[in-house]
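Reading through the structure tokens given below for one structure.
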Amino acid sequence: MMANKNELLELEKGFWTGDAAYFKAHADTECLVAFPQMAQTMSNADLAETATDPNRWRDLDIDLKGIIEPGSDIVMLTYEAHATRENGEPYAALVSTGYVHRVNGWKMMFHAQTPLEPAAKT
């Protein structure tokens, strides 16, 4: 199965702007996450609870840096993201996300963010 780059980027944007229902629908049963403040395996329900405010990000810009498909049902992508937090604070990060293809579509199973200085857009 070939991954559709545009479909994956739309899924990715939804994780930045979507609500808990979006997370429940598009995250796998378990997801491995890595942020500076935490690194752990999260259940679908626990991950969905992190999306309490669908307006937490705006002005999202994703600059895709790479995408690989190491298996017929797994795809990994990495990108640089720039967005504005709800409070107006700029945010920038290098982001990597892994998806696994299930019978009901692509599901996020890995997500990591490494914050950048907001002015460091490349």
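First residue of the sequence shown? That's 0 in numbering that gives the first Met the number 0, and the numbers climb one at a time after it. Virtual Cβ for every residue (Gly too), placed ideally from N, Cα, C.
Status (buried if at least 16 other CB within 10 Å, exposed otherwise) for residue i
| i | result |
| --- | --- |
| Phe22 | buried |
| Met37 | exposed |
| Val74 | buried |
| Leu46 | buried |
| Asp60 | exposed |
Top-ranked residue by Cα proximity to residue i, from the options
| i | options | result |
| --- | --- | --- |
| Ala2 | His25, Asp72, Ser42 and Asn86 | Asp72 |
| Ala33 | Glu79, Thr96, Ala82 and Pro89 | Thr96 |
| His81 | Gly70, Pro69, Val94 and Met75 | Val94 |
Rounded Cβ spacing between residue i and residue j (contact assumed at less than 8 Å)
| i | j | result |
| --- | --- | --- |
| Thr49 | Gly65 | Actually they do not touch by this definition, with Cβ atoms about 26 Å apart. |
| Tyr98 | Leu7 | 6 Å |
Test item: CB-CB of residue i and residue j under 8 Å
| i | j | result |
| --- | --- | --- |
| Asp62 | Thr83 | no |
| His25 | Met107 | yes |
| Pro69 | Ala91 | no |
Within-8 Å CB hit, residue i to chain C
| i | result |
| --- | --- |
| Leu7 | The structure shown has no chain C; it contains just one protein chain. |
Exercise for review: Would you mind listing the beta strand (DSSP E) stretches within the stretch 49-83 that are 3+ residues and don't spill past its ends, in chain order?
Suggested key: Segments of the beta strand (DSSP E) lying fully in the stretch 49-83: 56-70.
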